Amino acid sequence: MNTVLSASGLQKSYGEQCVVDGLNLSIHKGECFGLLGPNGAGKTTTLRMLLGLIAPDAGEVKLLGLPVPQAAREARIRVGVVPQMDNLDPDFTVAENLLVYGRYFGMQDREIEARIPSLLEFASLTLKRDAKVPTLSGGMKRRLTLARALVNDPEIIFLDEPTTGLDPQARHLIWQRLRELMQQGKTLLLTTHFMDEAERLCDRLAVLDNGKLISQGSPRELIEQNIEPQVVEVFGENVAEWAAQHAANYVQRFELSGETVFCYLQNAQPLVAHLQTQTDLRYLHRPANLEDVFLKLTGREMRE
Amino acid sequence: MNRYNYALPQFSWRFFPIWQRHFLVWRKTAAASIMGHLADPVIYMLGLGYGLGSLLPDMGGTSYMTFLAAGTVCYSTMNSASFEALYSGFARMHEQRTWEAILNTPTSLDDVVLSEILWAATKSLMSGIAVLAVIGLLGLSHSWMMIWMIPLALLIGLAFAGMGLIMTALAPSYDFFMYYFTLVITPMMLLCGVFFPVSQLPESLQIAANFLPLTHAIDLARPLMSGQLPAAFLLHIAVLLAYALGGFYISLVLFRQRLTR
């Protein structure tokens, strides 16, 4: 398989705190690779090292066959970046943002102007061509940021939490566009803490916590390897009492979180039959998903 | 401690599209900006020149207005570069995250900081030319040597942009810049010979003034305005260049420390 981005033994500390600790990654051409992790897990620092914006304390990065950070400038000519926070130029129109950004890649104005109509169409912003950035909605700004990242027709696109802060309609439109990019053969590397986003988009995922890679694989593999296939969520006023008295009879592994007991099982039938007799409890029976894996691997406690 | 932070700047032509970006933003508000360049210095010059000048004897053979004109060009170019490097530079670095967007392309921080210092100096150049045009229209200088004021405006701009960028690299917020204006820029305006010759000051302040870049700028500007070759002009040019290059290098090291962690 054709590797477009690889990192080995990547290490970065700020003072005493080790932010990225011995990270190994290998990303193949044409795949969508997701970096998952709670806030402060080291996702953004990892992206910045992979782009050559900061130098690692130890380890090696190869981006599109070039050593980074030594040849980061050459490598970034063929890379697109969608940052976590919007940093469009507020003084410029939509089209001017694309033109000015293309110039940073050394592109000629004529070359950029020839690309602008298709970029605007891709971002569904054709009618907003001459609108100033502050007049755009949050979803439009994100789409323009995505279009801007494509101005140089990159081979790999880095996306740092591409849909944070968007409403469901805007998120679905971004997902649709990212799938189109994958169909065009682009490689995507994205960070997210939305499990549905990761499950929908990513071919492979790596879960990062405290700067360490704790699990890696396709969404299905991660679920199969890390967690029981069935989940029953039980809620109700007396759920704590129920958990103390009955849960262990039906469930090998369960967690009480707030007013809910999460039961992880190979076979949920006996538990469901029992719960049907408990009139003061409600329950939800569903297959295990990536969020269950994520919470099992990184814990339920808050990170900030 | 990171050795890379202290590396000498690496220049590349990729700074140019960044400078072009700043110019395009400026062009959108050019009319208001030129008014801003002109209103404050011209009102000072005319107000003090006519008001105070009528009470004063000639200053070494020239009118007080002509004396003041040279100082006005220097301090207005100082202000233009300082405001651009501090407030606008901080907005681009911190508030609008423009630098972050630019740095994701094949540019480096060295290109970004170089474009900042050159852009701030460009603003000085524009403000210098605007004030010189007024001086020319008022007939305050008749010497062709005045043409040298144009490269001088650029050099003053580079010196103050370099100093200003150090502050921008250190600033936690816009409030920080008040200290710089109150403790550095305003004292220079009053101590470096804009409104009266430095020789009028007590000796200790004269010695202090000799270390300040604006003094050297004015020592170059005033003879040029009256058609003379400035005494020790190489020294004055060297001091201004030292402030420009020193400021550029120190600010670059500080920006590297601030932004590449």
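Protein chains in written order, with my numbering: chain C, 487 to 790; chain V, 21 to 281. Ideal Cβ placement from N, Cα and C applies to all residues, glycine included. No experiment lies behind these values; they were computed from the predicted model shown.
Can you list, in chain order, the residues of its chain whose CB lies under 7 angstroms from that of residue i, leaving out five sequence neighbours each side?
i, result
"GLY69/V", "TYR84, MET85, LEU88"
"GLU792/C", "Beyond the ends of chain C as shown, which are 487 and 790, falls residue 792/C; an answer cannot be given."
"LEU178/V", "ILE137, ALA141, ALA264"
"GLN277/V", "ASN25"
"LYS618/C", "THR579"
"LEU279/V", "LEU129"
Comparing alpha-carbon positions, which option in the options lies nearest residue i?
i, options, result
"MET166/V", "ALA179/V, GLN248/V, ARG34/V", "GLN248/V"
"ARG629/C", "ILE563/C, PRO648/C, GLU641/C", "PRO648/C"
"ASP796/C", "ARG47/V, ARG23/V, MET198/V, ILE137/V", "There is no way to answer for residue 796/C, as the model of chain C reaches only from 487 to 790."
"PHE103/V", "ALA241/V, ASN230/V, GLY184/V", "GLY184/V"
"ILE540/C", "VAL505/C, GLY744/C, LEU691/C", "VAL505/C"
"PRO620/C", "ARG601/C, THR489/C, LEU652/C, ASN583/C", "ASN583/C"
"ASP682/C", "PHE591/C, GLN670/C, GLU710/C, THR650/C", "THR650/C"
"LYS515/C", "SER492/C, LEU537/C, LEU536/C", "SER492/C"
"LEU536/C", "ASP577/C, SER494/C, ASN525/C", "SER494/C"
"GLY703/C", "PRO756/C, GLU685/C, LEU606/C, GLN655/C", "GLU685/C"
"LEU667/C", "ILE513/C, ALA635/C, ARG596/C, VAL725/C", "ALA635/C"
"PHE591/C", "LEU574/C, ALA600/C, ARG562/C", "ARG562/C"
"GLN662/C", "LEU509/C, LEU687/C, ASP616/C", "LEU687/C"
"ALA609/C", "GLU560/C, ARG657/C, ARG596/C", "ARG657/C"
"LEU611/C", "ILE660/C, GLY545/C, GLY526/C", "ILE660/C"
"ASP595/C", "LEU272/V, ARG41/V, SER224/V", "ARG41/V"
"ARG472/C", "GLU597/C, CYS749/C, VAL737/C, PHE519/C", "Any answer about residue 472/C is impossible in this case: the structure gives chain C only from 487 up to 790."
"LEU255/V", "PHE275/V, PHE231/V, LEU274/V, MET245/V", "PHE231/V"
"ALA557/C", "THR125/V, MET55/V, ILE149/V, THR97/V", "THR125/V"
"PHE275/V", "VAL132/V, LEU203/V, VAL214/V", "VAL132/V"
"VAL154/V", "PRO250/V, THR202/V, MET55/V", "MET55/V"
Excluding the 5 residues flanking residue i on each side, which residues of the same chain have their C-beta closer than 8 angstroms to its C-beta?
i, result
"ASN712/C", "SER701, VAL779, LYS782, LEU783"
"SER128/V", "GLN30, SER32, ARG34"
"LEU728/C", "Here residue 728/C turns out to be Trp, not Leu, going by the sequence shown. VAL720, GLY722, VAL747, GLN764, LEU767, listed in sequence order."
"LEU652/C", "GLY624, GLY625, ARG628, ILE660"
"ILE709/C", "PRO715, ALA774, ASN775, LEU776, ASP778, VAL779"
"VAL273/V", "ASN25, TYR26"
What does a CB cutoff of less than 6 angstroms around residue i pick up in its chain, not counting 5 residues either side in sequence?
i, result
"ASP507/C", "GLY697, LYS698"
"LEU175/V", "LEU260"
"TYR200/V", "MET187"
"ALA237/V", "CYS94, ILE176"
"LYS614/C", "VAL580"
"PHE268/V", "ILE137, GLY182"
"GLN752/C", "GLU714"
"SER163/V", "GLY247"
"ALA754/C", "GLN716, VAL718, HIS771"
"ASP60/V", "none"
"ALA733/C", "PHE740"
Would you please state the rounded distance, in angstroms, between the beta carbons of residue i and residue j? I believe it to be under 8 angstroms.
i, j, result
"HIS57/V", "MET146/V", "6 angstroms"
"CYS212/V", "ALA229/V", "6 angstroms"
"VAL720/C", "THR746/C", "7 angstroms"
"LEU44/V", "VAL586/C", "7 angstroms"
"LYS627/C", "ASP572/C", "5 angstroms"
"ASP695/C", "LEU533/C", "Their Cβ separation, rounded to whole angstroms, is 16 angstroms, which puts ASP695/C and LEU533/C out of contact at 8 angstroms."
"LEU172/V", "LEU234/V", "About 12 angstroms; that fails the 8 angstroms criterion."
"ASP577/C", "LYS48/V", "6 angstroms"
"LEU761/C", "LEU767/C", "6 angstroms"
"ILE513/C", "THR489/C", "7 angstroms"
"LEU496/C", "VAL547/C", "7 angstroms"
"GLN226/V", "VAL214/V", "The pair is not a contact, with the Cβ atoms about 15 angstroms apart (cut-off 8 angstroms)."
"MET245/V", "PHE180/V", "Actually they do not touch by this definition, with Cβ atoms about 20 angstroms apart."
"ARG786/C", "PRO37/V", "The Cβ separation is near 48 angstroms, so there is no contact."
"LEU676/C", "ALA633/C", "17 angstroms between Cβ atoms; not a contact."
Counting only beta-carbon atoms, is residue i nearer than 8 angstroms to chain B?
i, result
"PRO37/V", "This model lacks chain B altogether, as its protein chains are C and V."
Practice item. Please determine if the stretch 62 to 81 of chain V and the stretch 113 to 123 of chain V are in contact, where contact requires at least 3 C-beta pairs separated by less than 8 angstroms. Key: no
Exercise for review: Decide if the stretch 89 to 98 of chain V is in contact with the stretch 752 to 771 of chain C; the criterion is three or more beta carbon pairs, one per stretch, under 8 angstroms apart.
Suggested key: No, because fewer than three Cβ pairs between the stretch 89 to 98 of chain V and the stretch 752 to 771 of chain C fall closer than 8 angstroms, the two stretches do not touch.
Point to revise | Within 8 angstroms of chain C by C-beta, residues of the stretch 91 to 104 of chain V in sequence order | key: none
Review point. Quick one: any contact between the stretch 186 to 196 of chain V and the stretch 100 to 110 of chain V, if contact means 3 or more CB pairs under 8 angstroms?
Key: Between the stretch 186 to 196 of chain V and the stretch 100 to 110 of chain V there are three or more C-beta pairs closer than 8 angstroms, enough to call the two in contact.
Check your understanding: Mind listing which residues of the stretch 161 to 176 of chain V have their C-beta closer than 9 angstroms to chain C's C-betas, in chain order?
Key -> Listed by position, the residues of the stretch 161 to 176 of chain V near chain C (Cβ gap below 9 angstroms) amount to none.
Check your understanding: Along the stretch 237 to 248 of chain V, what residues have a CB closer than 8 angstroms to any CB found in chain C?
Key -> For the stretch 237 to 248 of chain V, which is checked against every Cβ of chain C, not one residue is closer than 8 angstroms.
Practice item. Select from the stretch 112 to 140 of chain V all residues with a C-beta closer than 8 angstroms to any C-beta belonging to chain C, and list them in chain order. Key: If the cut-off is 8 angstroms between Cβ atoms, the stretch 112 to 140 of chain V has GLN116, ARG117, THR118, GLU120, ALA121, ILE122, LEU123, ASN124, THR125, PRO126, THR127, SER128 near chain C.
Review point. Of the residues that make up the stretch 533 to 552 of chain C, which ones have a beta carbon closer than 9 angstroms to any beta carbon in chain V?
Key: ARG534, LEU537, LEU539, ILE540, ALA541
Check your understanding: On the three-pair Cβ rule with 8 angstroms, is the stretch 562 to 581 of chain C touching the stretch 633 to 644 of chain C?
Key -> yes
Point to revise | Residues, ordered as in the chain, of the stretch 590 to 611 of chain C that lie near chain V by beta-carbon distance below 8 angstroms | key: Under the 8 angstroms Cβ criterion, the stretch 590 to 611 of chain C contributes TYR590, PHE591, GLY592.
Practice item. Report the residues of the stretch 497 to 524 of chain C with a CB closer than 7 angstroms to any CB of chain V, ordered along the chain. Key: TYR500
Exercise for review: Check each residue of the stretch 39 to 57 of chain V: if its Cβ is closer than 7 angstroms to any Cβ of chain C, include it; give the result in chain order.
Suggested key: GLN40, ARG41, LEU44, VAL45, LYS48
Review point. Of all the residues that make up the stretch 196 to 217 of chain V, which are near chain C by a beta-carbon distance shorter than 9 angstroms?
Key: none
**Study point:** Under 9 angstroms (Cβ pairs) to chain V, residues found in the stretch 639 to 652 of chain C
**Key:** Within the stretch 639 to 652 of chain C, the qualifying residues are PHE644.
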